[in-house]
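Protein chains in written order, with the working numbering: chain A, 1 to 590; chain B, 591 to 718.
See below for the structure under consideration.
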Amino acid sequence: MPKRSSKQSSPSRNPKLSQSRQIKDELWQQQQWIELFSEVTFKIRQSLQLKEILRATVTEVQRILQADRVLIYQVFADGTGKAISEAVLPEYTAILDLEFPQEVFPEEYQKLYSEGRVRAIANVHDPSEGLADCLIEFINQFEIKAKLIVPILQNSPAPNEAHHQKLWGLLIAHHCDRPRPWGEFELQLMQQLASQISIALAQAQLLEHLEEMVEVRTVELKDANHNLQQEINDRRQAEAALRRNEEQLRLITNALPVLIAYVDQQQHYQFNNQAYEDWLGQSPVNIYGSHLQEVWGEDCYQRMQTHVEAALSGLVVTYENEIVLKGDRPCSISMTYIPHVNEQNVVQGFFALASDISDRKAIERMKDEFISVVSHELRTPLTSLHSALKILTTGRLGTLSADGQQMLEIADENTERLVRLVNNVLDLQRIEAGEVTMEKHTCSATELMVQATEAMQPMAHQHGVKFSTQPVNIPLWVDSDYIVQALTNLLSNAIKFSPQGGTVWLTVERHSSEALFQVRDEGQGIPANKLERIFERFHQVDSSDSRKKGGTGLGLAICRKIIEQHDGKIWAESTLGQGSVFSFTLPAQE
Amino acid sequence: MTTKRVLIIDDEETIQTVVQFGIRMRAGWQVLTASSGMQGIQTAQAERPDVILLDVMMPEMDGIDTFKNLQSHPKTEQIPVIFLTAKAQTVEKRQFNELGVSGVITKPFNSLDLPDQIAKILRWSLPL
Numbered sequence: 001m002p003k004r005s006s007k008q009s010s011p012s013r014n015p016k017l018s019q020s021r022q023i024k025d026e027l028w029q030q031q032q033w034i035e036l037f038s039e040v041t042f043k044i045r046q047s048l049q050l051k052e053i054l055r056a057t058v059t060e061v062q063r064i065l066q067a068d069r070v071l072i073y074q075v076f077a078d079g080t081g082k083a084i085s086e087a088v089l090p091e092y093t094a095i096l097d098l099e100f101p102q103e104v105f106p107e108e109y110q111k112l113y114s115e116g117r118v119r120a121i122a123n124v125h126d127p128s129e130g131l132a133d134c135l136i137e138f139i140n141q142f143e144i145k146a147k148l149i150v151p152i153l154q155n156s157p158a159p160n161e162a163h164h165q166k167l168w169g170l171l172i173a174h175h176c177d178r179p180r181p182w183g184e185f186e187l188q189l190m191q192q193l194a195s196q197i198s199i200a201l202a203q204a205q206l207l208e209h210l211e212e213m214v215e216v217r218t219v220e221l222k223d224a225n226h227n228l229q230q231e232i233n234d235r236r237q238a239e240a241a242l243r244r245n246e247e248q249l250r251l252i253t254n255a256l257p258v259l260i261a262y263v264d265q266q267q268h269y270q271f272n273n274q275a276y277e278d279w280l281g282q283s284p285v286n287i288y289g290s291h292l293q294e295v296w297g298e299d300c301y302q303r304m305q306t307h308v309e310a311a312l313s314g315l316v317v318t319y320e321n322e323i324v325l326k327g328d329r330p331c332s333i334s335m336t337y338i339p340h341v342n343e344q345n346v347v348q349g350f351f352a353l354a355s356d357i358s359d360r361k362a363i364e365r366m367k368d369e370f371i372s373v374v375s376h377e378l379r380t381p382l383t384s385l386h387s388a389l390k391i392l393t394t395g396r397l398g399t400l401s402a403d404g405q406q407m408l409e410i411a412d413e414n415t416e417r418l419v420r421l422v423n424n425v426l427d428l429q430r431i432e433a434g435e436v437t438m439e440k441h442t443c444s445a446t447e448l449m450v451q452a453t454e455a456m457q458p459m460a461h462q463h464g465v466k467f468s469t470q471p472v473n474i475p476l477w478v479d480s481d482y483i484v485q486a487l488t489n490l491l492s493n494a495i496k497f498s499p500q501g502g503t504v505w506l507t508v509e510r511h512s513s514e515a516l517f518q519v520r521d522e523g524q525g526i527p528a529n530k531l532e533r534i535f536e537r538f539h540q541v542d543s544s545d546s547r548k549k550g551g552t553g554l555g556l557a558i559c560r561k562i563i564e565q566h567d568g569k570i571w572a573e574s575t576l577g578q579g580s581v582f583s584f585t586l587p588a589q590e
Numbered sequence: 591m592t593t594k595r596v597l598i599i600d601d602e603e604t605i606q607t608v609v610q611f612g613i614r615m616r617a618g619w620q621v622l623t624a625s626s627g628m629q630g631i632q633t634a635q636a637e638r639p640d641v642i643l644l645d646v647m648m649p650e651m652d653g654i655d656t657f658k659n660l661q662s663h664p665k666t667e668q669i670p671v672i673f674l675t676a677k678a679q680t681v682e683k684r685q686f687n688e689l690g691v692s693g694v695i696t697k698p699f700n701s702l703d704l705p706d707q708i709a710k711i712l713r714w715s716l717p718l
């Protein structure tokens, strides 16, 4: 610890000795300063924390200078300031953290300091020092007697002001017990330290900046990571949901006894349910990606092709097909194709659903066979019955009493009815079952009309009804037997419902590519709400009336089937009390 | 015109009866009967009727086989045969025609109408 340089050392003793002693002292002192300086510098540089640096500085400076107070004062942009680090002897007031108003540190002073001016005041009360009064007032408050002020400068961050330096703050040393001149070394020391502080400041700032950046980056990364986690979780959940849905779909599609598949535009399978394996013996895994023809074989594919193409053009298609299951078992199926259309209305593929209708088909066949057999079986006994009654009614085997005659008539009429019924039922059944193959050939409308009127002439005569026909030689492509059957049926109805002496008209006209047949009567007419229903099976306009007239209720149903099988249409028009017109169309040939 | 002779081959006796009555009553023709294909063939060969009414559905030897047999014998091959059948679709009619039968009469029929129907099919001219 160097001694305080004192003015009280005596120069009267040996001058040479005292001079060399003085020089020795000074040198030793300098050495001490240098040592101290490097110590302080070392201490200062030990830390990167500004607070630490400042604290070390004020502490060491206070120790070295043996000042009563050393503080570091930071200057703010608005001119105010604050002592942010202080080392002070306990007897004296702390200035730390006190805020100084702008007046204490006027702008001219700031400017001077920012140029690097050091201010060493040995005695603050010395008027030659030129301190402002308000400053002196302040100084007295804190018992300051001497002070040393060294500016701490900072390189300006502005890029085009390369050498411009800003005043960051002040390194200040105070003596409070008495005034004290400041030695040159002390000044230099303070300046050096101020530079060190500058450097340390810059470093600390850099560190702070870096730390700030790191923190910001860390927060960013954390956020990004969080978002990523979130995304991953969301994705996992979505995948799990998707898998669950797929599982459910699989469970459902595999549980149904129905073939379910998805076929793409190129007619390759993209999905098949378990039923494919159960029915065809081909596992969905093997079928995946195969063309329809590969899976079904050429024959079957031929039957499927038009329907597949219709589905791929956007139509919902249902049709029946015969397939072969594993084990060579034949099976009837009902196949439905539902096109899959995307938002741009482009067909991307279709869903194929096939259900086993073999049972239904078998039942239908049995029903048909049964009806066929039954009505067949009925025909023979009916022949005997019918013939026997007819023979009896001739009277040539003996006549009966009036009542007996009546009984006979009843038996006869009703047998006739049975005969008609049996004929009609079988006809209708056959036509509906599609068993009837209509053998079409070219014939003239005239032929058909003539045949029908000839067949119905006896009945017309019996009822006192006249025919009026206008045949036109229109060529038709039809199964003549069936068309004649339809015509006779319509004529028969017309006769039945015509009054005595009435007329029944049978006409035909050509309308571009169609022939229009019409049967008109002057009968009682048909109510409007029945005009459609009379074509249904077993439906008659007025049952009590019709039964008297011996209708079976099937005639018009059969007519409709026959006309439909020829791609024509049949309908009725009527005015109650005036009569009816039954019309049907048939395609005409050139 | 001489009285025609008709042979009815049908396994149902009642049919045989009403056919006999009906034809006799309406046209006065003679009616012979047979209850099976075999019996029918024998009768036909022996009696040489003018026309044979042949039921299609018969046990043991059905109408078609009976017909083929009749066609293969010189004694009977010239006799016209008319099928009596419950089936009357165009397709079946054509099949019968291809076999060479002269016509088809569908059941149920009124036996009194038979002489007219036979005459029409075989283009016989009947006394009014």
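Ideal placement from N, C-alpha and C gives every residue a C-beta, glycine not left out.
Within chain A, the residues that residue i reaches when beta carbons sit closer than 9 Å
| i | result |
| --- | --- |
| residue 602(B) | 380, 381, 383, 384 |
| residue 611(B) | 387, 388, 391, 397 |
| residue 608(B) | 383, 384, 385, 386, 387, 388, 390, 391 |
Classification of residue i by the beta-carbon crowding that lies within 10 angstroms, buried from 16 upward
| i | result |
| --- | --- |
| residue 360(A) | exposed |
| residue 398(A) | exposed |
| residue 4(A) | In this predicted model, residue 4(A) has a pLDDT of only 49, less than 50, meaning its place in the structure is not dependable; the value taken from the coordinates is given anyway. Answer is exposed; the Cβ neighbour count stays below 16. |
| residue 326(A) | exposed |
| residue 375(A) | buried |
| residue 252(A) | exposed |
| residue 572(A) | buried |
| residue 233(A) | exposed |
| residue 442(A) | exposed |
| residue 605(A) | Past the edges of chain A, shown from 1 to 590, lies residue 605(A), and the structure says nothing about it. |
| residue 34(A) | exposed |
| residue 637(A) | Past the boundaries of the shown model lies residue 637(A); chain A is included only from 1 to 590, so the question cannot be answered. |
| residue 424(A) | buried |
| residue 60(A) | buried |
| residue 645(B) | buried |
Own chain, CB closer than 7 Å to residue i, minus 5 neighbours either side, in chain order
| i | result |
| --- | --- |
| residue 176(A) | 68, 69, 92, 143, 144, 145 |
| residue 293(A) | 301 |
Sequence-distant residues of its chain with Cβ nearer than 6 Å to residue i (five each side left out)
| i | result |
| --- | --- |
| residue 336(A) | 318, 353 |
| residue 589(A) | 475, 477 |
| residue 88(A) | 69, 94 |
| residue 439(A) | 479 |
Closer than 7 Å at the beta carbon, the chain A residues around residue i
| i | result |
| --- | --- |
| residue 615(B) | 391, 394, 396 |
| residue 605(B) | 380, 383, 384 |
| residue 676(B) | 376, 379 |
Sequence-distant residues of the same chain with beta carbon closer than 8 Å to residue i, five excluded per side
| i | result |
| --- | --- |
| residue 447(A) | 480 |
| residue 118(A) | 148, 149, 150, 151, 187, 190, 191 |
| residue 498(A) | 463, 465, 504, 521, 522, 523 |
| residue 393(A) | 408, 409, 412 |
8 Å Cβ cut-off: residues of chain B touching residue i
| i | result |
| --- | --- |
| residue 307(A) | The premise fails here: residue 307(A) is roughly 28 Å from chain B at the closest Cβ pair, so nothing lies under 8 Å. |
| residue 422(A) | 698 |
| residue 419(A) | 698 |
Contact list for residue i against chain A, beta-carbon separation under 8 Å
| i | result |
| --- | --- |
| residue 646(B) | What residue 646(B) touches in chain A: nothing, since even the nearest Cβ is about 11 Å away. |
Test: residue i CB closer than 9 Å to a CB of chain D
| i | result |
| --- | --- |
| residue 318(A) | The structure shown contains no chain D; its protein chains are A and B. |
Heavy atom of the ligand FMN within 8 Å of residue i beta-carbon
| i | result |
| --- | --- |
| residue 700(B) | You won't find the ligand FMN in this model; it holds no ligand whatsoever. |
The stretch 553–562 of chain A contacting the stretch 613–627 of chain B, beta-carbon criterion three pairs below 8 Å:
A contact between stretches requires three or more CB pairs, one per stretch, nearer than 8 Å, and the stretch 553–562 of chain A fails this requirement with the stretch 613–627 of chain B.
Is the stretch 658–666 of chain B touching the stretch 624–636 of chain B in the sense that three or more CB pairs, one from each, lie closer than 8 Å?
As far as the Cβ criterion goes, the stretch 624–636 of chain B touches the stretch 658–666 of chain B, which means the pair count is three or higher.
Any residues in the stretch 383–404 of chain A with a beta carbon nearer than 7 Å to a beta carbon of chain B? Which ones, in chain order?
Cβ contacts with chain B come from 383, 384, 386, 387, 388, 390, 391, 394, 396.
In the stretch 697–715 of chain B, which residues sit with their C-beta less than 8 Å from some C-beta in chain A, listed in chain order?
Using a CB distance below 8 Å, the part of the stretch 697–715 of chain B facing chain A consists of 697, 698, 699, 700, 701, 702, ordered along the chain.
Quick one: any contact between the stretch 379–391 of chain A and the stretch 292–299 of chain A, if contact means 3 or more CB pairs under 8 Å?
No, they do not touch.
Pairs of beta-carbons, one from the stretch 526–540 of chain A and one from the stretch 401–412 of chain A, closer than 8 Å: are there three or more?
With a cut-off of 8 Å, the stretch 401–412 of chain A and the stretch 526–540 of chain A do not count as touching, because too few Cβ pairs lie within range.
Is the stretch 36–52 of chain A touching the stretch 72–80 of chain A in the sense that three or more CB pairs, one from each, lie closer than 8 Å?
Taking 8 Å as the limit for Cβ pairs, the verdict is that the stretch 36–52 of chain A does not touch the stretch 72–80 of chain A.
When the Cβ atoms of the stretch 227–244 of chain A are set against those of the stretch 82–90 of chain A, are three or more pairs found closer than 8 Å?
No, they do not touch.
Using a Cβ-Cβ cutoff of 8 Å, what residues of the stretch 438–459 of chain A are near chain B? List them in chain order.
For the stretch 438–459 of chain A, which is checked against every Cβ of chain B, the residues closer than 8 Å are 438, 439.
Three-pair Cβ contact test at 8 Å for the stretch 593–608 of chain B versus the stretch 447–462 of chain A:
Judged by Cβ distances under 8 Å, the stretch 593–608 of chain B makes no contact with the stretch 447–462 of chain A, as fewer than three pairs qualify.
Three or more C-beta pairs below 8 Å linking the stretch 469–479 of chain A and the stretch 503–515 of chain A:
In the pairwise beta carbon analysis, the stretch 469–479 of chain A is classified as touching the stretch 503–515 of chain A: at least three pairs are separated by under 8 Å.
Contact set between the stretch 475–508 of chain A and chain B, restricted to residues whose Cβ is under 7 Å from the partner
Flagged, chain order: 479, 481.
Contact between the stretch 563–580 of chain A and the stretch 690–700 of chain B (3+ Cβ pairs under 8 Å)
No, they do not touch.
Answer yes if the stretch 385–396 of chain A comes into contact with the stretch 413–424 of chain A, meaning at least three C-beta pairs across the two stretches below 8 Å, and no otherwise.
Under the 8 Å Cβ criterion, the stretch 413–424 of chain A counts as touching the stretch 385–396 of chain A, having at least three qualifying pairs.
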